[in-house]
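Asks:
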Amino acid sequence: PDGRAAFEVALPDSITVQEVSVLASDAGGGVGLARAQLPVRQPLYARSDLPASLIAGDRVRVGVAVRNLSADHVRARVALVSSELEVEGDAQELDVAADGTGVAWFVVTGTTPGEAAFEVSAESLGGSDPVRDVVRRSLFVRPRGASETAVVDGAAAPRAPFRHTVAAPAAGEYRVVRL
595 PDGRAAFEVA
605 LPDSITVQEV
615 SVLASDAGGG
625 VGLARAQLPV
635 RQPLYARSDL
645 PASLIAGDRV
655 RVGVAVRNLS
665 ADHVRARVAL
675 VSSELEVEGD
685 AQELDVAADG
695 TGVAWFVVTG
705 TTPGEAAFEV
715 SAESLGGSDP
725 VRDVVRRSLF
735 VRPRGASETA
745 VVDGAAAPRA
755 PFRHTVAAPA
765 AGEYRVVRL
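Using the numbering used here, read the sequence shown as starting at 595 and increasing by one per residue.
1) Who does Q636 pair with in a DSSP beta bridge?
2) According to DSSP, simplified to helix, strand and coil, what is R629?
3) Return the Cβ separation of L632 and Q612 in integer angstroms, given the expectation that the two are a contact with Cβ distance under 8 Å.
4) Considering only residues of the segment 676–727, which uninterrupted beta strand (DSSP E) runs meet the minimum length of 3 residues and lie entirely inside it, listed in chain order?
5) For A599, count neighbouring C-beta atoms within 10 Å of its own C-beta (all shown protein chains included) and say buried if the count is 16 or more, exposed if not.
6) Is the segment 676–689 in contact with the segment 697–717, if contact means three or more CB pairs nearer than 8 Å?
7) What residue from A750, R671 and V616 has the CA that sits closest to V603's CA?
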């Protein structure tokens, strides 16, 4: 009756902006439309800078950034774990200033070719309302070996097919052929 409404909705656990649109009508045929943007954010979150792929045997130093969007200083435990990648470095504790960012460093080695899942996490320590953020991702570990590209030109005709022979590599090497 007074043109006001209230509702509750669960928003996804991501750091983004959600757009809300509300359409209303009354018995007299009046129509109202309201739109609003709702920022969705966590007071503490973690992100890693692991690349999308590694070559088996690659060893990289990786930062895990921890962002504190709260108005208070936070002590956080930061971890990077994986059962498919070799991770050097245990969970670390960081002091992150209010509205600040801290970085924990780890060394990661791609071991076995294929998809490799990993998890980065940050958890506030102490305080009355602990916060935890966990991000699960994966990267692809490519096989080790020399990359080689060959371009072969030719033409095929009804009675003169085009032929090209590709020699198989030695055991333990991999080759991708695109025709």
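Here a beta-carbon is modelled for each residue, glycine too, at the ideal position from N, C-alpha and C. Note that the structure is predicted; figures quoted are calculated from it, not measured.
Replies: Let me lay it out:
1) Q636 is not bridged to any residue.
2) Residue state for R629 is assigned as strand, using DSSP reduced to three classes.
3) 5 Å
4) 679–682, 686–690, 694–704 and 708–719
5) exposed
6) yes
7) V616
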